[in-house]
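Here is the structure we will look at, set down as structure tokens.
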Amino acid sequence: MMSIEEWVEGAATAVILGHVHPDGDCVGSCLGLRSYLRAVKPELCVQVYLEPFAGEFHFLTGADAVSPDFYEEKSYDICFALDCSDRERLGDAVRYLDGAKRTVCLDHHITNEGFADVNVIRPHASSTSEVLAELMEPGKMDRATAECLYLGIVHDTGVFKHSNTSEKTMRIAGALLAKGVSSSHIIDDTFYRKTFGQNRILGCALLAAELRLDGRLIASCVTGKDLERCGVTNRNLDGIIDQLRVTEGVEVAVFLYEAGPGEYKVSLRSNDLVDVSRIARSFGGGGHVKAAGCTVAGTCGDILERITALAAEQLGQQEDGAAAH
Ligand code: 5GP
Ligand code: MN
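Here our numbering is used: position 100 in the sequence shown is 101, and no number is missing along the way.
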């Protein structure tokens with residue numbers, strides 16, 4: 002197992018990439034690795050490419066140096082792809098992966114089959130930020146790096162609440178806090194704080210929600226018109242799926258939003274019985290057993306029918322298994 006320091010040995014330039022529609026873990030891990038590399042190898046030139054991301058993350062060190070322009074004619078000695086379960090998730094930034102002399106993929110998605118020269122994929126890790134924290138030498142990690150990784154862990158665990166939160170996650174988070182990270186600032190200001198518009202679209206999604214499969218599946222869909230009415234964009238929808246998931250009796254939560262003409266982004270969450278990564282994968286998406294997603298063409302109603310059938314199949318198999326015992 003090589004270390005981060007060994008991967009960048011002999012390299013003069015490095016590029017760090019994350020997935021399209023970057024979330025907290027994606028931004029945190031990319032900026033955390035940037036800060037760490039700058040600390041351990043100041044002569045290395047490091048560039049991060051990411052699509053525009055939520056304003057709440059802009060206080061992180063290095064956020065202002067991120068380029069959203071994926072069309073620059075540049076090639077790098079080493080490319081890190083973070084929090085990306087497949088090449089397609091890199092969007093147009095995949096050109097920097099293809100143009101790099103060496104590639105490293107660090108991730109925690111169970112659906113990741115490993116598309117780089119070196120692949121460190123740990124499906125039991127809460128987040129890519131946790132994977133990175135384990136790979137970094139604690140003595141070389143400064144507060145700026147710790148802040149990024151702590152934010153990533155907070156977001157991918159839903160503030161240490163999802164089942165991906167292990168004893169190790171808590172130990173790593175504790176070590177990051179010891180670097181001087183302000184936990185309450187990160188949790189309140191980047192995770193819980195909602196704008197008025199975000200609360201309105203949450204309300205809209207909850208009002209539109211419907212139960213299926215005898216209350217074991219909850220589904221909601223918001224259209225471009227709904228977003229407009231509430232004064233938000235599709236980057237302001239974090240947290241809606243989590244609220245749907247905690248509905249009493251629900252095993253599977255499905256949230257759709259209109260991502261383009263005739264196209265919906267689907268978020269899937271499961272409590273215990275269903276592997277939603279299988280459902281997402283059947284639509285060309287991916288993710289984790291209990292949290293997955295995909296983008297699907299069609300109408301809201303049709304997409305929901307197809308997802309409901311796949312969830313019913315898995316729930317049915319569970320029941321058949323239970324009856325056989
Ligand atoms: P979310 O529902 O929060 O967008 O995503 C939940 C999980 O599924 C995340 O870990 C995310 O990386 C993964 N995911 C979401 N959408 C897609 C997709 O279109 N393709 C793949 N491969 N993974 C996705
Ligand atoms: Mn992640």
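Idealized CB from N, CA, C, for every residue including glycine.
In the DSSP assignment, L245 falls within the alpha helix (DSSP H) that extends over 241-246. Distance from the CA of A206 to the CA of R103, rounded to the nearest whole angstrom, comes to 44 Å.
The residue among G175, R35, A260, S268 with its C-alpha nearest the C-alpha of E229 is A260. Judged by their CB atoms, E252 and V275 are nearer to each other than the 9 Å cut-off.
For V132, the enclosing alpha helix (DSSP H) begins and ends at 129-136. Scanning the segment 60-132 for uninterrupted beta strand (DSSP E) segments of 3 residues or longer gives 79-83, 103-108, 119-122, listed from N- to C-terminal end. For A298, the CB contacts under 7 Å within the same chain, skipping 5 residues up- and downstream, are G263, E264 in chain order. In this structure, T191 sits away from V233, with a CB-CB distance that is not shorter than 9 Å.
Of all alpha-carbon atoms in T166, R39, P69, the one lying nearest the alpha-carbon of K141 is that of R39. Taking all protein chains in view, the Cβ of D273 is surrounded by fewer than 16 other Cβ atoms within 10 Å, so the residue is classified as exposed.
Taking A313 as reference, the option from V247, R217, I5, I111 with the minimal CA-CA separation is R217. Annotated three-state conformation of R35 is helix, per DSSP. Here the C-alpha atom of A209 lies approximately 39 Å from the C-alpha atom of A147. Separation of Y72 and L203 (C-alpha to C-alpha, rounded to the nearest whole angstrom) is 35 Å.
Contact between the segment 20-35 and the segment 45-59 is present: 3 or more CB-CB pairs across the two stretches fall below 8 Å.
Looking at D26, E10, T309, R307, the one whose alpha-carbon comes closest to that of L152 is D26. Separation of the CB atoms of F256 and S221 is rounded to 6 Å, and the pair is thereby assigned contact status at 8 Å. Annotation: the continuous alpha helix (DSSP H) that includes R230 extends over 225-231. Out of E57, A13, G33, the CA that lies nearest to the CA of T196 is found in E57. G302 sits exposed, since fewer than 16 C-beta atoms from the chains shown fall within 10 Å of its C-beta.
A Cβ-Cβ contact shorter than 9 Å links L107 with F81. When the five nearest sequence neighbours on each side are left out, the beta carbons in the same chain lying within less than 7 Å of the beta carbon of R123 are those of H109, V132, in order along the chain. Excluding five sequence positions before and after V267, the CB atoms of its chain that fall closer than 8 Å to its own CB belong to V255, F256, L257, A281, F284, G286, G294, C295, T296, V297, I304, I308, given in chain order.
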